[in-house]
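Participant: Below you'll find the structure I mean.
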Amino acid sequence: MSTPTLPSPSQIALQHSLALEKIIHAKIKNAGGWISFADFMEAVLYLPGMGYYAAGSAKFGQAGDFVTAPEISSLFGKTIAQQVAQVFALISHHEILEFGAGSGKLALDLLLELEQLGCLPRRYFILEVSADLQQKQQALFEKTIPHLTPLIHWLTRLPEEFGGIILANEVLDAMPVHIVTWNNLGLFERGVATNQQAFIWQDRPLIAGELFDIAEKLTPLIIESDQNDVRYTSEISLANRHFIRSLAQILRQGVILLIDYGFGQAEYYHPQREQGTLMCHYRHHVHDDPFYLPGLQDITSHVDFSAITQVALDEGLQLLGYTNQAHFLINCGITDILSRTPVDLPQKYLPLANQLQRLISPAEMGELFKVIAFGKHVSPTLIGFSRGDKSRSLSI
1330 MSTPTLPSPS QIALQHSLAL EKIIHAKIKN AGGWISFADF MEAVLYLPGM GYYAAGSAKF
1390 GQAGDFVTAP EISSLFGKTI AQQVAQVFAL ISHHEILEFG AGSGKLALDL LLELEQLGCL
1450 PRRYFILEVS ADLQQKQQAL FEKTIPHLTP LIHWLTRLPE EFGGIILANE VLDAMPVHIV
1510 TWNNLGLFER GVATNQQAFI WQDRPLIAGE LFDIAEKLTP LIIESDQNDV RYTSEISLAN
1570 RHFIRSLAQI LRQGVILLID YGFGQAEYYH PQREQGTLMC HYRHHVHDDP FYLPGLQDIT
1630 SHVDFSAITQ VALDEGLQLL GYTNQAHFLI NCGITDILSR TPVDLPQKYL PLANQLQRLI
1690 SPAEMGELFK VIAFGKHVSP TLIGFSRGDK SRSLSI
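Start counting the sequence shown at 1330; every next residue gets the next number (our numbering).
Below is the structure:
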């Protein structure tokens, strides 16, 4: 583990982190001295009133810890709206359900563009686990689109059934993951223990169950038969799988559109990625120590898109497309949306052009971020995947 020189937290923030540390230490003690990393990640991110996403610190934009595509540019939400409009033309249910709406910027830009296109949803649902973020979203909408706020409804749990478009931008990467180590002695789960009030890693043999079954099936991909000394550590997300399964069960007709960073299985568990994909974000610094300032930093893992695709197919969903963010946005007409701003107005055009580059450049978000769509009772090709579809790389 390594942490670069990072900005110091305020005294209030530090006290908050120390209080959360005490709670987790007690949790570990009550569990017999060890918890899975998934349980640790769940606590530091989502513990009510204390976890990173449940407390009130700034998370998005320049004042927070990282910047997401909707904060980079309104071009993102406006472009997503083109895909939504096409889906609405194909199905009878014109509703949107967004997970983890963050600052609310994606919903804002999406609704404004759909209004211009003349195809507003009947209702726009937001399922938000953070009461603090929900309040910030409400404030944004009331300030900027008061005439559209009657369309917006917040949920605290999944509806029993849904028809329309389910949207999740950078949600899967923030779901808790289990950490598994493969070596010549067998399968081990890497969890969290304590040593004199410090969190430490501790491996335990992986026992039978869902996690063991998944790890065992991955073993031939990770360990070649002629290797004598093997040590490979990576993440497995049961939460991602359960999430997709839940969405499949409630969807009656429509599309699930997921945008996140990750890979297909062969690339996810590539030999050169032997330490996994776990990342932490703190004040726009990226490092790999998840024990640093609990509750004050984000912890993420890349998405195994092959895994969630297999679950989706098993649950009766159709794979409608899989590509990188650059292809998806270009297919949906992001350059046409940029062209609405005249080139001879450089003060307006140049910032938008720079924002577009951040969204589609392979060196920025264009290649690492992927877009995947699943559907039920939707047949024509979605415009976002008309070129550059990479579904074959999922190896399903």
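For each residue, glycine too, the CB sits at the ideal point set by N, CA and C. Predicted model only: the values in this text are computed from it and were never measured.
Determine, using beta carbons only, whether residue 1644 comes closer than 8 Å to chain B.
Facilitator: Here there is only one protein chain, and chain B is not present.
Participant: Going by DSSP in three states, residue 1370 sits in which element: helix, strand or coil?
Facilitator: If you number the sequence shown from 1, residue 1370 lands on position 41. Residue state, collapsed to three classes: helix.
Participant: How would you label residue 1623, buried or exposed, when you count the other beta carbons within 10 angstroms and need 16 or more for buried?
Facilitator: Within the sequence shown, residue 1623 is the residue found at index 294, counting from 1. When all chains shown are included, residue 1623 counts as buried.
Participant: Taking the alpha-carbon positions, what's the residue 1414 to residue 1494 distance?
Facilitator: The residue labelled residue 1414 in the question sits at position 85 within the sequence shown. The residue labelled residue 1494 in the question sits at position 165 within the sequence shown. Cα to Cα, the separation comes out at about 10 Å.
Participant: Do you know offhand how far residue 1526's Cα is from residue 1498's?
Facilitator: Sequence index remark: in the sequence shown, residue 1526 carries index 197 (1-based). Sequence index remark: in the sequence shown, residue 1498 carries index 169 (1-based). Taking the straight line from one Cα to the other gives about 36 Å.
Participant: Rounded to the nearest angstrom, how far is the Cβ of residue 1450 from that of residue 1424, given a contact under 8 Å?
Facilitator: For the purposes of this step, residue 1450 is identified with residue 121 of the sequence shown, where counting begins at 1. For the purposes of this step, residue 1424 is identified with residue 95 of the sequence shown, where counting begins at 1. Confirmed, about 5 Å.
Participant: For a test of the three-state rule: what should DSSP assign to residue 1718, helix, strand or coil?
Facilitator: Start at 1 with the first residue of the sequence shown, and residue 1718 comes out as number 389. Correct three-state label for residue 1718: coil.
Participant: Residue ranges of each beta strand (DSSP E) run of no fewer than 3 residues wholly in the segment 1447-1472, ordered along the chain?
Facilitator: With a minimum length of 3 residues, the unbroken runs of beta strand (DSSP E) contained wholly in the segment 1447-1472 fall at 1452-1456.
Participant: What residues in its chain sit with their C-beta under 7 Å from that of residue 1504, if we drop five residues either side in the sequence?
Facilitator: To locate residue 1504, count along the sequence shown from 1; it is residue 175. 1566, 1568, 1569 and 1572, listed in sequence order.
Participant: For the putative contact between residue 1338 and residue 1535, defined by C-beta atoms under 8 Å, what is the C-beta separation to the nearest angstrom?
Facilitator: Within the sequence shown, the letter at position 9 stands for residue 1338. Within the sequence shown, the letter at position 206 stands for residue 1535. Contact doesn't hold; Cβ gap of about 35 Å is too wide.
Participant: Cβ of residue 1431 within 8 Å of Cβ of residue 1397?
Facilitator: Translated into positions along the sequence shown, residue 1431 becomes position 102. Translated into positions along the sequence shown, residue 1397 becomes position 68. Contact: yes.
Participant: Could you pull the DSSP bridge partners for residue 1588 from this structure?
Facilitator: If you number the sequence shown from 1, residue 1588 lands on position 259. According to DSSP, residue 1588 bridges with 1498 and 1700.
Participant: Where are the alpha helix (DSSP H) runs, 4 residues long or more, that stay fully inside the segment 1502-1562, in chain order?
Facilitator: 1539-1551
Participant: Taking residue 1649 and residue 1402 to be in contact with their CB atoms under 8 Å, please state how far apart those CB atoms are, rounded to whole angstroms.
Facilitator: Here residue 1649 corresponds to residue number 320 of the sequence shown, with the count starting at 1. Here residue 1402 corresponds to residue number 73 of the sequence shown, with the count starting at 1. The distance from the Cβ of residue 1649 to that of residue 1402 is about 25 Å, inconsistent with a contact at the 8 Å cut-off.
Participant: Quick check for students: name the residue ranges of the alpha helix (DSSP H) that lie wholly in the segment 1608-1687, counting only runs of 4 or more.
Facilitator: 1634-1643, 1654-1660 and 1663-1667
Participant: Could you name the residues that DSSP lists as bridge partners for residue 1428?
Facilitator: If you number the sequence shown from 1, residue 1428 lands on position 99. Answer is 1456 and 1497.
Participant: Taking C-alpha atoms, which residue in 1367, 1380 and 1366 lies nearest to residue 1352?
Facilitator: For the purposes of this step, residue 1352 is taken as residue 23 along the sequence shown, with counting starting at 1. Nearest C-alpha to residue 1352: 1380.
Participant: Under 6 Å Cβ to Cβ from residue 1585, same chain only, skipping five residues before and after it: list those, please.
Facilitator: Here residue 1585 refers to the residue found at position 256 of the sequence shown. If we look at residue 1585 and ignore the five residues flanking it on each side, its Cβ neighbours are 1495, 1576 and 1703.
Participant: If I follow the unbroken beta strand (DSSP E) through residue 1484, where does it start and stop?
Facilitator: As a first step, residue 1484 is located in the sequence shown; it is residue number 155 there, counting from the start. Going by DSSP, residue 1484 is part of the beta strand (DSSP E) stretching over 1481-1484.
Participant: Report the residue from 1476, 1473, 1646 and 1467 whose alpha carbon sits nearest the alpha carbon of residue 1482.
Facilitator: Here residue 1482 corresponds to residue number 153 of the sequence shown, with the count starting at 1. Considering only alpha carbons, the answer is 1467.
Participant: Going straight from the alpha carbon of residue 1630 to that of residue 1531, what length do you get?
Facilitator: Taking the sequence shown and counting its residues from 1, the one referred to as residue 1630 is at position 301. Taking the sequence shown and counting its residues from 1, the one referred to as residue 1531 is at position 202. Going by the C-alpha atoms only, they are around 19 Å apart.
Participant: Do you know how far the Cα of residue 1412 is from the Cα of residue 1716?
Facilitator: One-based indexing of the sequence shown puts residue 1716 at position 387. One-based indexing of the sequence shown puts residue 1412 at position 83. Each residue's alpha carbon lies about 14 Å from the other.
Participant: Given residue 1709, which residues of its chain have a CB within under 8 Å of its CB, disregarding the five upstream and five downstream residues?
Facilitator: Locating residue 1709 in the sequence shown gives position 380, where the first residue counts as 1. The residues are 1419.
Participant: Is residue 1350 helix, strand or coil by DSSP?
Facilitator: Within the sequence shown, the letter at position 21 stands for residue 1350. DSSP places residue 1350 within a helical segment (H, G or I) once states are collapsed to three.
Participant: Taking buried to mean at least 16 other C-beta atoms within 10 Å of its own C-beta, is residue 1604 buried or exposed?
Facilitator: For this step, residue 1604 is matched to residue 275 along the sequence shown. Counting Cβ neighbours within 10 Å, residue 1604 comes out exposed, since fewer than 16 surround it.
Participant: Return the CA-CA distance between residue 1554 and residue 1501, expressed in angstroms with no decimal places.
Facilitator: Within the sequence shown, the letter at position 225 stands for residue 1554. Within the sequence shown, the letter at position 172 stands for residue 1501. Note that residue 1554 scores 49 on pLDDT, short of 50, meaning its location in the model is unreliable; the coordinates nonetheless yield the value given after this. One C-alpha to the other measures close to 33 Å.
Participant: What is the C-beta distance between residue 1508 and residue 1620, in whole angstroms, given that I count them as a contact (C-beta under 8 Å)?
Facilitator: As a working mapping, residue 1508 is identified with position 179 in the sequence shown. As a working mapping, residue 1620 is identified with position 291 in the sequence shown. The Cβ separation is near 13 Å, so there is no contact.
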